[in-house]
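Notes to accompany the following structure.
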Amino acid sequence: MTGIRFFNTLTRNKEDFVPQSPGRVGMYTCGPTVYEYASIGNMRAYVFADILRRTLEYNGLEVNMVMNITDVGHLVSDADEGEDKMMISARRERKTPWEIARHYTEVFLDDTKRLNIRPVTVLCYATQHIPEMIAMVQELADRGYAYETSDGVYFDISKFPEYGCLSRINLSEQKAGARVEVNPEKRNPADFALWKKAPAEHIMQWESPWGMGYPGWHIECSAMGRQYLGDQFDIHTGGIDHIPVHHENEIAQTAACTGQPAARFWMHVEFLLVDGGKMSKSLGNVYTVSDLEARGIEPLAFRYLCLGAHYRAKLNFTWEAVAGAQKGLFALRRAVQKDSKEDRLRDVQGRALSHNALRFREDFLQAVNDDLNTPQALAVLWEATRSGLGSELLELARDCDRVLALDLAKGRLGPDVDIAAGDLPDYVRALLEERHQARLARNWKRADAIRDELAGLGYGVKDTPGGYQVTRIVTPDSH
RNA sequence: GGCGACAUAGCCAAGCGGUAAGGCAGGGGUCUGCAAAACCCUCAUCCCCGGUUCGAUUCCGGGUGUCGCCUCCA
Numbered sequence: 052m053t054g055i056r057f058f059n060t061l062t063r064n065k066e067d068f069v070p071q072s073p074g075r076v077g078m079y080t081c082g083p084t085v086y087e088y089a090s091i092g093n094m095r096a097y098v099f100a101d102i103l104r105r106t107l108e109y110n111g112l113e114v115n116m117v118m119n120i121t122d123v124g125h126l127v128s129d130a131d132e133g134e135d136k137m138m139i140s141a142r143r144e145r146k147t148p149w150e151i152a153r154h155y156t157e158v159f160l161d162d163t164k165r166l167n168i169r170p171v172t173v174l175c176y177a178t179q180h181i182p183e184m185i186a187m188v189q190e191l192a193d194r195g196y197a198y199e200t201s202d203g204v205y206f207d208i209s210k211f212p213e214y215g216c217l218s219r220i221n222l223s224e225q226k227a228g229a230r231v232e233v234n235p236e237k238r239n240p241a242d243f244a245l246w247k248k249a250p251a252e253h254i255m256q257w258e259s260p261w262g263m264g265y266p267g268w269h270i271e272c273s274a275m276g277r278q279y280l281g282d283q284f285d286i287h288t289g290g291i292d293h294i295p296v297h298h299e300n301e302i303a304q305t306a307a308c309t310g311q312p313a314a315r316f317w318m319h320v321e322f323l324l325v326d327g328g329k330m331s332k333s334l335g336n337v338y339t340v341s342d343l344e345a346r347g348i349e350p351l352a353f354r355y356l357c358l359g360a361h362y363r364a365k366l367n368f369t370w371e372a373v374a375g376a377q378k379g380l381f382a383l384r385r386a387v388q389k390d391s392k393e394d395r396l397r398d399v400q401g402r403a404l405s406h407n408a409l410r411f412r413e414d415f416l417q418a419v420n421d422d423l424n425t426p427q428a429l430a431v432l433w434e435a436t437r438s439g440l441g442s443e444l445l446e447l448a449r450d451c452d453r454v455l456a457l458d459l460a461k462g463r464l465g466p467d468v469d470i471a472a473g474d475l476p477d478y479v480r481a482l483l484e485e486r487h488q489a490r491l492a493r494n495w496k497r498a499d500a501i502r503d504e505l506a507g508l509g510y511g512v513k514d515t516p517g518g519y520q521v522t523r524i525v526t527p528d529s530h
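Its first residue numbered 52, the first sequence is counted upward by one per residue in my numbering.
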């Protein structure tokens, strides 16, 4: 079997990946803070985590994948300043934080579904694990890593000399407080909140040894990761922006309790850029999966776009690029399904792949196992489409799709959607019939005129040896 | 100001010591009344300048440029 190699942020090296328990992998993915709609930038991170999970499973490993939903405690600033994001959205939308969380969680899960991201094994909500978090904060306090201030309980970074091991940051070189005023009660500028004492207006608050309050964002992940995966698990994933603060803090918290940095492998996805720069609200380019659909781009075309770039490289999102991805995906499916007539299909299904197809499968496996080189994996599949595999190509594609999840065997084949004849308005049917007669009479002029007319009405006609085919034209917005 | 990443054809991008994967777009062709689809062919010497090497897009140094983090964010 081809060995799996992953880039580990902790060591900055590609390393052989071997699960600590044979055959089983425990992984934790930092989930969304459900205070607004997730952008396609967020979704890239979850597509990545999904590809990682699927690749492990493709290798025959059983994956226990845990993801959190942060529905409390994520403040506006990671420096523990500002308000809880949930509270701000609640005020803005005149709803309770609970309603906010429920709504955005639902939309998020729906988006992941449309992107063919498999449901995780354990989806855990921060608000449902408060006791575990309190226990961990208490443990840190008992071990001398935490101290109480007037507004909360903080982690004392000076007690954890390894702090910075992930981001390789030298705290003494950082200009903490250069831009934001540091809480004067903090012993060290980079100390972070484990527990925040809640002001009366904060709706989400719980009883604790330090009074009413709510957990810090970082302790949420540490506590839940530990609860579901143990003191030391295999992989922890997240966005590259989490390296310096969130994951550094997670490592500090867990290691202070267990002596181990939570996960053996830390894997991080790069950012998705939009038009060469960061997406931002002020530029109005924070797109969601729904925005893509509104422009006629199917969610899976975005997934295809993500797969076309390596996860550790920045990916530049442009409308031209997704449109290209959409066309490429259609073409790939067409190539795969070309020979998938039902009878032939039944013929090949379940049969072992031929020597030729197995070679492609091996190349594909090698690509994804090499630190998830999905661009290379896609190239292998494209190569296979024109290598004369015949109907067996479909079986190969099905197999690859266990990782890619692009609906290769059943997805849409083009921008136009076929319509059943019965759904056509009478006048359209009349035009079609007239055109058909015109063609039989070799009256090309009249036939083409009708085709144009139908196009104006939103219907496409294609002539095939077996007759004509009608489609509803849903061309993507050309922007 | 401090730290870091990246720079490959019109676009999205692999490769990272032995003379550049793949997709989209473009050009040419086969087929079809035309169109669509399909198929075939075609389309780059890798930001600049030095250095190391038999040999560099791939390593080192210096430029230039872009992006990011330090402040919210996957």
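A virtual CB, placed ideally from N, CA and C, is assigned to each residue, including glycine.
Could you check how far apart the C-beta atoms of residue i and residue j are, in whole angstroms? I think they sit under 8 Å.
i	j	result
residue 92	residue 322	7 Å
residue 158	residue 118	Actually they are not in contact, since the Cβ atoms of residue 158 and residue 118 sit about 16 Å apart, beyond 8 Å.
residue 384	residue 459	6 Å
residue 84	residue 116	About 19 Å; that fails the 8 Å criterion.
residue 502	residue 523	Contact flag wrong, Cβ pair sits at about 15 Å.
residue 89	residue 425	The Cβ separation is near 21 Å, so there is no contact.
residue 190	residue 308	5 Å
residue 448	residue 387	4 Å
residue 443	residue 418	Not a contact, Cβ separation roughly 20 Å.
With a 10 Å radius around its C-beta and 16 neighbouring C-beta atoms as the bar for buried, classify residue i as buried or exposed.
i	result
residue 209	exposed
residue 453	exposed
residue 261	buried
residue 329	exposed
residue 64	exposed
residue 509	exposed
residue 530	For residue 530, the predicted structure reports a pLDDT of 36, less than 50, and the residue's modelled location is therefore unreliable. The matter cannot be settled from this model.
residue 251	exposed
residue 474	exposed
residue 269	buried
residue 125	buried
residue 230	Note that residue 230 scores 44 on pLDDT, short of 50, meaning its location in the model is unreliable; the coordinates nonetheless yield the value given after this. Classification of residue 230: exposed, given that the 10 Å Cβ count is below 16.
residue 394	Residue placement at residue 394 is poorly supported in this model, since its pLDDT is 44, which falls under 50; the coordinates still yield a value, given next. Residue 394 comes out exposed.
residue 488	exposed
residue 178	buried
residue 121	buried
residue 304	buried
residue 406	exposed
residue 186	exposed
residue 478	exposed
residue 228	Residue confidence for residue 228 is low, a pLDDT of 43 falling below 50, so the modelled location carries little weight; the figure read from the coordinates is stated next. Classification for residue 228: exposed.
residue 135	buried
residue 513	exposed
residue 434	exposed
residue 148	buried
residue 334	exposed
residue 493	exposed
residue 484	exposed
With DSSP as the reference, identify every bridge partner of residue i, one or two as the case may be.
i	result
residue 514	519
residue 205	198, 244
residue 72	75
residue 65	58
residue 121	84
residue 126	135
residue 175	119
residue 328	325
residue 113	75
residue 499	None; residue 499 has no bridge partner.
residue 101	None; residue 101 has no bridge partner.
residue 421	56
The ligand HEM heavy atoms versus the CB of residue i: any closer than 7 Å?
i	result
residue 273	Summarising the ligand content, the structure contains no ligands, and the ligand HEM is consequently not present.
Handout entry: Within the stretch 243 to 321, ranges of the beta strand (DSSP E) (whole runs, at least 3 residues)
Key = Secondary structure within the stretch 243 to 321: the beta strand (DSSP E) runs of 3 or more consecutive residues, fully enclosed, are 243 to 248, 264 to 266, 284 to 290, 314 to 320 (chain order).
Handout entry: Three or more C-beta pairs below 8 Å linking the stretch 264 to 279 and the stretch 240 to 253
Key = Yes: the two stretches touch, three or more of their Cβ pairs being nearer than 8 Å.
Handout entry: Secondary structure, alpha helix (DSSP H): runs of 4+ residues fully inside the stretch 337 to 385
Key = Correct list: 340 to 345, 350 to 358.
Practice task
Taking 8 Å as the threshold, find out whether the stretch 59 to 77 comes into contact with the stretch 104 to 112 through three or more Cβ pairs.
Solution key: Taking 8 Å as the limit for Cβ pairs, the verdict is that the stretch 104 to 112 does touch the stretch 59 to 77.
Exercise for the section: Give, in chain order, every unbroken run of the beta strand (DSSP E) that is at least 3 residues long and sits entirely within the stretch 444 to 473. Expected result: Listed in chain order, the complete beta strand (DSSP E) runs (minimum 3 residues) inside the stretch 444 to 473 are 467 to 469.
Exercise for the section: State whether the stretch 286 to 303 contacts the stretch 212 to 221, with contact taken as three or more CB pairs (one from each stretch) at a distance under 8 Å. Expected result: Short answer: they touch.
Problem - Contact the stretch 273 to 283 vs the stretch 194 to 211: 3+ CB pairs below 8 Å - result: Contact annotation: the stretch 273 to 283 does not touch the stretch 194 to 211, with fewer than three C-beta pairs closer than 8 Å.
Problem - Inter-stretch contact at 8 Å, needing at least 3 Cβ pairs: the stretch 355 to 362 / the stretch 94 to 102 - result: Judged by Cβ distances under 8 Å, the stretch 355 to 362 makes contact with the stretch 94 to 102, as three or more pairs qualify.
Practice task
Spell out a yes or no on whether the stretch 341 to 356 and the stretch 368 to 386 are touching, meaning 3 or more CB-CB pairs, one atom from each, closer than 8 Å.
Solution key: These segments touch.
Handout entry: the stretch 250 to 259 / the stretch 306 to 322 touching (three or more Cβ pairs under 8 Å)
Key = Below 8 Å, too few C-beta pairs join the stretch 250 to 259 and the stretch 306 to 322 to call them touching: fewer than three.
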